[in-house]
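Using this note's numbering, you'd call the opening residue of the sequence shown number 1487 and step up by one each time. We put the CB at the ideal spot given by N, CA and C, even for glycine.
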Amino acid sequence: MKKIMVTAIAVYAVFALTACASGGMGGTSASERPVMPEMVLVEGGTFQMGNDFDWSLLNFSNYISYSGENPAHTVTVKSFYMGKHEVTQKEWYEVMGTTVRQQRDMADKSWPLAGEGDNYPMYYVSWYEAIEYCNKRSIKEGLTPAYRGSGNSITCNWNTNGYRLPTEAEWEYAAKDGNRDPMVYEYSGSNNVDTVAWYRDNSGGSTQPVGRKAPNSLGLYDMSGNVYEWCWDWHDFYPSEAQTNPVGASSGSYRLTRGGSWNDTAQSVRSANRGGTIPTIRDNGLGFRVVRNAP
């Protein structure tokens, strides 16, 4: 997998004069909420985040700083909408105006592509670029952007109606079916990795078009495998006590990535597995999906 350091880009948000609806756990019922194409309502709730064991610290030339699982702890999240699939190359181009090949070329033209086409997941995208996409897509759709600032001083307005990256807790809650299934599966939607995930043993050495494996019970595709997905949080370990709507550490060196990729082992695409990555990295196994608050 190829990787590069890129210059951190400034991210600016245009905030409305009045705050838009926040994603509280009460208020509008699910049946009254607006239908959002290509997004799934994840009803809030409480779950056991992490697992009962913790892996060892790993270091791959400061690229993936950590791969492992938090010890189990209780977390409550509010309701939110999540993209049914990872952001596709078509969706990226419509907002950002660059192709996956152009994104690769900004890193290194000699590096390989890992799937190219409208319905393939977007990759070779840094965390900063994913943040920029969220803001630009929000503005394009007449929504209030979530992010402002630049570098390590980017802040999130958690009450806005615009697109943003999921927190790590939101991501794992959704990957574990958001309490919709009485089973807690090893992978997102199944204990059979081949049913739900593109990973090293079945991907053919490439990403695959989104939505071709079975979804989990929420209707979310490719939460396990295909490409790693950026989350908002700085990498850190959660405290053992229960938390509500956690957003991670206030600073750090690595941003959280979840879900594993087409080039990873079955162990790495488990729903509880987590990685930490330098936010300026571009990689052919690293993309993202978006969320929005539920009114």
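Straight-line gap, R1623 to V1611 (C-alpha atoms, nearest Å): Counting from one through the sequence shown, the residue named residue 1623 turns up at place 137. Counting from one through the sequence shown, the residue named residue 1611 turns up at place 125. For R1623 and V1611, the distance between alpha carbons rounds to 15 Å.
Within 10 angstroms of its Cβ, does E1656 collect 16 or more other Cβ (buried), or is it exposed? By one-based count along the sequence shown, residue 1656 stands at place 170. The residue in question, E1656, is buried, as its Cβ has 16 or more Cβ neighbours within 10 Å.
In whole angstroms, what is the alpha-carbon distance linking N1665 and Y1659? Counting from one through the sequence shown, the residue named residue 1665 turns up at place 179. Counting from one through the sequence shown, the residue named residue 1659 turns up at place 173. Whole-angstrom Cα-Cα distance: 8 Å.
Could you name each continuous beta strand (DSSP E) segment of 3 residues or more that falls completely within the segment 1683–1764, going from the start of the chain to the end? 1714–1720, 1741–1744 and 1760–1763
Which class does K1561 belong to by DSSP, given the choice of helix, strand or coil? What you label residue 1561 is simply residue 75 of the sequence shown in a count that begins at 1. In the sequence as displayed, the identity of residue 1561 is Val instead of Lys. Of the three classes helix, strand and coil, the one that applies to V1561 here is strand, per DSSP.
Beta-carbon proximity list for A1558, same chain, < 8 Å, skipping 5 on both sides: Counting from one through the sequence shown, the residue named residue 1558 turns up at place 72. These residues qualify, in order along the chain: Q1534, M1535, G1536, N1537 and D1538.
If I follow the unbroken alpha helix (DSSP H) through R1590, where does it start and stop? Here residue 1590 is taken as the residue at index 104 of the sequence shown, counted from 1. Its alpha helix (DSSP H) spans residues V1586 to A1593.
Quick one, which of P1765, T1766, E1524 and S1565 has its alpha-carbon nearest D1663's? Your numbering for residue 1663 matches position 177 in the sequence shown. Residue S1565 is the option with its Cα nearest to D1663.
Kindly indicate which three-state DSSP category S1612 falls into: helix, strand or coil? In the sequence shown, counting from the first residue as 1, residue 1612 sits at position 126. In the structure shown, S1612 sits in coil (DSSP, three-state: anything other than H, G, I, E or B).
Quick one: Cα of P1725 to Cα of E1654, how far? Along the sequence shown, read from residue 1 onward, the residue named residue 1725 stands at position 239. Along the sequence shown, read from residue 1 onward, the residue named residue 1654 stands at position 168. If I take the Cα positions, the gap works out to 14 Å.
Can you give me the C-alpha to C-alpha distance between T1751 and A1683, rounded to a whole angstrom? On the sequence shown, position 265 is the one that residue 1751 refers to. On the sequence shown, position 197 is the one that residue 1683 refers to. Each residue's Cα considered, the two are about 11 Å apart.
Out of M1525, G1531 and L1527, which has the shortest C-alpha to C-alpha gap to T1730? As a first step, residue 1730 is located in the sequence shown; it is residue number 244 there, counting from the start. For T1730, the nearest C-alpha among the options comes from G1531.
Going by Cα to Cα distance, which pick from R1760, G1738, W1716 and P1631 is closest to S1639? Position 153 of the sequence shown, counted from the first residue, corresponds to residue 1639. Out of R1760, G1738, W1716 and P1631, G1738 has the C-alpha closest to the C-alpha of S1639.
Buried or exposed: where does A1593 fall if 16 or more other Cβ atoms within 10 Å of its Cβ makes it buried? For the purposes of this step, residue 1593 is identified with residue 107 of the sequence shown, where counting begins at 1. Buried is the call here.
Return the bridge partner residues of F1533 from the DSSP annotation. As a working note, residue 1533 is residue 47 in the sequence shown. The partner list for F1533 (beta bridge, DSSP) reads V1561.
Starting from the Cα of Q1575, find the closest Cα among A1780, F1774, R1778 and Y1614 and give me that residue. For the purposes of this step, residue 1575 is taken as the residue at position 89 of the sequence shown. Closest by alpha carbon: F1774.
Is it true that the segment 1567–1582 meets the segment 1613–1623, where meeting means three or more beta-carbon pairs spaced less than 8 Å apart? yes
Taking Cβ positions, are C1642 and V1733 nearer each other than 9 Å? Within the sequence shown, numbered from 1, the residue matching residue 1642 stands at position 156. Within the sequence shown, numbered from 1, the residue matching residue 1733 stands at position 247. Yes, Cβ-Cβ distance for C1642 and V1733 is below 9 Å.
Put G1664 into one of helix, strand or coil per three-state DSSP. In the sequence shown, counting from the first residue as 1, residue 1664 sits at position 178. G1664 falls in the helix class under three-state DSSP.
What three-state label does DSSP hand M1568 in the structure shown? As a working mapping, residue 1568 is identified with position 82 in the sequence shown. Residue state, collapsed to three classes: strand.
Could you compute how far the alpha carbon of E1580 sits from the alpha carbon of G1603? For the purposes of this step, residue 1580 is taken as the residue at position 94 of the sequence shown. For the purposes of this step, residue 1603 is taken as the residue at position 117 of the sequence shown. If I take the Cα positions, the gap works out to 13 Å.
Got a sec, what are the start and stop residues for the alpha helix (DSSP H) V1776 sits in? As a first step, residue 1776 must be located in the sequence shown, where it is residue number 290. Taken as a continuous stretch (DSSP letters only), V1776 belongs to no alpha helix (DSSP H), as it is neither H nor E.
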